[in-house]
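In this note's numbering, the protein residues as written are 2 to 160. The beta carbon of each residue, even a glycine, is placed where N, CA and C say it ideally should be. Please read all numbers here as calculations on a predicted model, not as lab measurements. Shown next, in structure tokens, is the structure this report addresses.
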């Protein structure tokens, strides 16, 4: 799975045309939005997420290529090392979220029975919800934004 700092992408691909960008970084992408990080407890329990976890963003956002380790149609996200995408934040469950690609290439997000839940654009992700350009996924206190290559390019140009 490829990951890039947003600032690095902006600097490296400045002045590039969309067609060049899409050829080099076809995506789709999740952007892990900058924000507070909560280390897991010593016992590795999931911390309860609440209003106190909604702090102002700080730091650097990270673009993550949305792809399963095995090349399959499902990406598992959570704290556990066996996931396709590991984010070791204390408000995430060991397996928190499932992202699935259908035969047409469209993606959905579904909570995997996590303690703090998952929302897509503010709606609980049970059953699976479709991801659209700019969809915001809230998993515990972790915030991710979904983009195709053109959407990521537009974000980089706008900043």
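Out of 111, 139 and 6, point me to the one whose CA is closest to residue 76's CA.
111
How is residue 54 classed by DSSP in three states: helix, strand or coil?
For residue 54, the predicted structure reports a pLDDT of 45, less than 50, and the residue's modelled location is therefore unreliable. A value from the coordinates is still provided. Residue 54 falls in the helix class under three-state DSSP.
Inter-residue spacing [alpha-carbon to alpha-carbon] between residue 99 and residue 91:
18 Å
Any chance the stretch 14-25 sits against the stretch 68-75, with 3 or more Cβ pairs inside 8 Å?
no
With a threshold of 6 Å on Cβ separation, who are the neighbours of residue 29 within its own chain once the five nearest residues in sequence on each side are excluded?
67 and 149
For residue 127, does the three-state DSSP call read helix, strand or coil?
Secondary structure of residue 127 (DSSP, three-state): coil.
Below 8 Å CB to CB, which residues in the same chain sit around residue 81 once its five sequence neighbours on both sides are set aside?
87, 95 and 96
Helix, strand or coil: which one does DSSP assign to residue 92?
coil
What's the gap between the Cα of residue 5 and the Cα of residue 153?
CA-CA distance, residue 5 to residue 153, rounds to 12 Å.
For residue 9, count neighbouring Cβ atoms within 10 angstroms of its own Cβ and tell me buried if that reaches 16, exposed if not.
exposed
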